[in-house]
Structures are given as structure tokens and as C-alpha cells.
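For the sequence shown, my numbering begins at 34 and goes up steadily by one. Virtual Cβ for every residue (Gly too), placed ideally from N, Cα, C. Given the structure is predicted, the values throughout are model-derived calculations rather than measurements.
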Amino acid sequence: CLSPTNLNNQESILDINEIAKELPLEISIPNLTDEWNLLSLENLCDNKNHRIDHFWRTVMELKNSFGDKKYPIITKIVKVVLSLSHGSADIERGFSESGRILTEEKASMSLRMLNARLNIKDAMKRYKNKPQLVPFSKELIIAAESAKQKYMIFLEEEQKKKEAERNRQLIEEATAKRKKELEEEMEKSKKRLKVLEEEFKEAEKQEESQRKIADEMFVEANNRLKLAVEKGDMNGIKIAQSMLEAAKNLREEEKQKIKIKNEISSRIEKKKSFLLSNIHS
């Protein structure tokens with residue numbers, strides 16, 4: 034029932050309660066049931082694929098809002114169960130030996146390592162715990178070499194797992210950094226877009242005003258020129274021509290204002306395109 038994949042199985046509650054009743058511990062079964070139900074609701078999906086001892090170490094490290102252990106009863110039971118001997122020695126003696134090996138500072142020791150140490154201790158008892166009495170047979174040497182090879186393979190696999198995890202973290206960090214930079218860039222673009230839209234409104238207003246002034250001056254200059262020609266007023270003709278020249282200059286200024294307005298409009302479209310292309314990224 035301690036398998037992480039069985040947490041949501043209703044039968045696991047009955048199993049853990051039965052185990053608790055058999056252990057020499059003072060445990061409230063109702064409280065244990067409540068803790069187990071709460072644990073089954075935890076979002077520990079990724080950890081459920083880890084080794085059983087790593088999974089329970091994660092559970093033991095969980096804290097509540099007061100900084101206390103979140104599952105104290107479950108922690109107590111799991112520590113006892115995982116420290117039980119799996120050999121054929123006397124249960125009480127095996128429990129004591131397991132407890133001496135699985136000290137608090139070694140609580141994260143894997144079940145595989147715990148069993149290996151217990152097997153070594155059991156084997157050494159045949160030779161009164163004196164290593165010098167162990168006979169170095171050919172079979173023992175072959176077994177030692179095989180164990181070393183398996184251990185080197187195990188270390189290599191663990192190293193690969195660590196590297197894969199490190200690479201995954203680097204990718205996640207790079208992705209998060211890029212996302213943050215993009216969000217900051219989009220926020221700046223939004224602010225800049227507002228400024229550009231205000232500038233566009235102002236440029237449009239100035240262009241319209243310039244066009245109106247130029248149109249009015251052009252009409253007035255033509256009227257004066259016509260009237261001056263009819264009267265043969267040379268001075269009036271000169272004034273009208275000056276007004277037409279001024280109207281022409283106003284037209285040129287109007288073209289520049291249109292150009293500025295169009296440039297602002299183009300920048301606005303680019304900002305909008307950037308925001309739209311990244312809004313769902």
C-alpha cells in the first residue's frame with residue numbers, strides 16, 4: 034500500500050490502518066485515515082514515478098502553514114515500515130539493526146542501499162564480524178568484480194539522470210527568462226503604442242489645420258488677384274502673388290506633416306503586429 038501509485042486506491046486506506054494496528058506505536062486510526070485522505074489529494078503526480086523511498090522523503094518534507102510536518106502520523110509509520118528488515122533474521126533484531134543504519138541524517142537512504150547493508154551485516158556474522166576470516170575464494174572475487182561493474186553502471190546511469198535533470202532545469206530557466214523578457218517587451222510596446230497613437234492624433238490635427246489654412250489662403254489670394262487684375266492695381270497684384278506663394282509654402286508644410294503622420298501610422302501598425310503575434314506565445 035506504500036506504492037505511490039496506490040494512494041488513490043480506496044483499499045490502501047484499509048491496508049495502512051491494518052499496518053498501523055500491528056505496529057508498537059500509539060497512533061490514532063481516525064487521524065491516520067484523515068491524513069491519508071488528504072495525502073491522496075496532493076498534487077504529487079511527477080513524484081509518483083520516482084523510487085518509493087524518494088517519494089516518501091518528499092512527503093515527509095511537506096510542511097503546513099505553521100511550519101510543522103504536514104503528515105506526522107504517516108511519516109512515523111512509513112519510517113518504521115521502510116526500516117523493517119527484509120531478511121530471515123529475527124524481526125525484532127532486524128528492526129533494531131535497520132534502525133541503527135537508517136539514522137535521521139540518512140533518512141533519504143534508498144531501500145536498495147539499506148538491504149545491501151543489512152545483507153553484509155548478516156553475512157559478516159558467520160565470521161564473528163571479523164573481515165580477515167572471510168575466505169577469498171574464486172567465486173567471491175568474481176562476485177566482487179561483478180558487483181563493482183554493476184555499481185559502476187548504476188553510477189553512470191545516475192549521472193545521466195542528473196545531467197538530464199540539469200539540462201531540463203536549464204531549458205526551463207531559459208524558457209522562463211525568455212518569457213519574462215517577452216512580457217516586459219510587450220508591456221513596453223503597449224506603452225509605446227499609446228504614445229504613438231497620441232502622436233498620430235496630434236499629427237492628424239496639425240495636418241488638417243495646415244490644409245485648412247492653405248485652402249483659405251489660396252482662395253483669398255486668387256480672389257484678390259482677380260480683383261486687382263480687373264482694376265489694374267499693380268500693388269494688389271503683388272500682394273496677391275505673395276499670398277499665393279505663402280499658400281504654396283503652406284502646401285509643402287502640409288505634405289511634410291502628412292509624411293510624419295504616415296510614418297507614425299506605420300510604426301503603430303508594426304507595434305500592433307508585434308503584440309498580436311506574441312499575445313498567445
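Note the first and the last residue of the continuous alpha helix (DSSP H) segment covering residue i.
{"i": "residue 159", "result": "Careful: residue 159 lies outside any alpha helix (DSSP H) and carries neither H nor E."}
{"i": "residue 187", "result": "171-264"}
{"i": "residue 71", "result": "62-73"}
{"i": "residue 51", "result": "43-55"}
Could you tell me which residues DSSP puts in a beta bridge with residue i?
{"i": "residue 96", "result": "102"}
Please report the straight-line C-alpha distance between residue i and residue j, rounded to a whole angstrom.
{"i": "residue 176", "j": "residue 195", "result": "28 Å"}
{"i": "residue 297", "j": "residue 75", "result": "54 Å"}
{"i": "residue 91", "j": "residue 84", "result": "11 Å"}
{"i": "residue 46", "j": "residue 61", "result": "14 Å"}
{"i": "residue 288", "j": "residue 259", "result": "27 Å"}
{"i": "residue 65", "j": "residue 107", "result": "7 Å"}
{"i": "residue 111", "j": "residue 153", "result": "24 Å"}
{"i": "residue 102", "j": "residue 69", "result": "14 Å"}
{"i": "residue 285", "j": "residue 212", "result": "47 Å"}
{"i": "residue 227", "j": "residue 207", "result": "30 Å"}
{"i": "residue 30", "j": "residue 49", "result": "No information on residue 30 is available, as it lies outside the stretch 34 to 314 that the chain covers here."}
{"i": "residue 237", "j": "residue 275", "result": "27 Å"}
{"i": "residue 38", "j": "residue 88", "result": "11 Å"}
{"i": "residue 203", "j": "residue 192", "result": "16 Å"}
{"i": "residue 239", "j": "residue 307", "result": "28 Å"}
{"i": "residue 72", "j": "residue 201", "result": "27 Å"}
{"i": "residue 189", "j": "residue 170", "result": "29 Å"}
{"i": "residue 311", "j": "residue 254", "result": "54 Å"}
{"i": "residue 36", "j": "residue 55", "result": "19 Å"}
{"i": "residue 57", "j": "residue 109", "result": "11 Å"}
{"i": "residue 294", "j": "residue 220", "result": "24 Å"}
{"i": "residue 97", "j": "residue 67", "result": "15 Å"}
Specify the secondary structure class of residue i as computed by DSSP and reduced to three states.
{"i": "residue 298", "result": "helix"}
{"i": "residue 84", "result": "coil"}
{"i": "residue 59", "result": "coil"}
{"i": "residue 114", "result": "helix"}
{"i": "residue 311", "result": "helix"}
{"i": "residue 76", "result": "coil"}
{"i": "residue 35", "result": "coil"}
{"i": "residue 134", "result": "Bear in mind that a pLDDT of 49 at residue 134, under 50, signals an unreliable position, so the model cannot answer this."}
{"i": "residue 164", "result": "helix"}
{"i": "residue 151", "result": "helix"}
{"i": "residue 40", "result": "coil"}
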